[in-house]
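Novice: Quick one: structure below, then a few questions.
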Amino acid sequence: MRETVFDWLTHLFGTLEGCDALDMFAGSGAMGLEAASRGADYVDWLDIHRQGIAGIRQALTRLGADDHKQARVADAFRFLQDAPRSYDVIFIDPPFSLDMQVKAARAAFGALKEEGLLYVESPTELLSDEALESLGVVRVRSGSAGAVRFELLAKAGSGMAGLVRLSKEEKRSRK
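Heads up: the sequence shown at position 41 corresponds to 200 in this note's numbering, and the numbers run straight through without jumps.
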């Protein structure tokens, strides 16, 4: 799944070098660490669990990452109210039991650069068309791995929104 997502991002951005990334609800920090390893300029990791953030900091030390990479014990929603920068890509993977993908996407939207992308993971289904419309975003790519669904979203009207690839099901329904 992670390889697929980063293949998409590389295809859409050309490279992650110079990009700014935010890993909300970071957990192990895998998405942000992958972005950093692929050249992202700034990466911020957020999680409310100190143990997870400590693990990310240890990984950053092992990798010799510079001070443009910050793992913070922080509530993602509070952080986004006063985010220090806007981001090219924001990874949203909250605990599935909390069912807060739409709320998190709405909060992240304000910190997303105009040509940026939101990555959202869901336990059972992609965000509904109604949710996408209410957020003012379009689905650029989507996939699944087992029971997990994942998608890249772009601001409606942005250049990235013009790169929408229809799924097989969407293509059939439009015929």
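The beta-carbon is built from N, C-alpha and C at its ideal position, and this holds for glycine as well. Only a predicted model underlies this, so the values are computations on that prediction, with no experimental measurement involved.
Please specify which runs of the beta strand (DSSP E), each continuous and at least 3 residues long, are wholly inside the stretch 213-283, giving them in chain order.
Specialist: 228-232, 246-251, 271-281
Novice: For Leu325, does the three-state DSSP call read helix, strand or coil?
Specialist: In this predicted model, Leu325 has a pLDDT of only 48, less than 50, meaning its place in the structure is not dependable; the value taken from the coordinates is given anyway. Three-state result, Leu325: coil.
Novice: Across the stretch 252-261 and the stretch 213-228, are there enough close Cβ pairs to call them in contact, namely three or more that are closer than 8 Å?
Specialist: no
Novice: Return the chain-ordered list of same chain residues with a C-beta closer than 7 Å to the C-beta of Ser187, the five sequence neighbours on each side being excluded.
Specialist: Annotation for Ser187: Gly211, Gly214 place their beta carbon closer than 7 Å to its own, counting only its chain and skipping 5 residues before and after.
Novice: Looking at C-alpha atoms only, which residue of Tyr278, Arg308, Ala267, Leu286 is the closest neighbour of Asp234?
Specialist: Relative to Asp234, the option among Tyr278, Arg308, Ala267, Leu286 whose CA is nearest is Ala267.
Novice: According to the Cβ coordinates, are Val248 and Gly275 closer than 8 Å?
Specialist: yes
Novice: Quick check on Met183: does DSSP put it in helix, strand or coil?
Specialist: Three-state result, Met183: strand.
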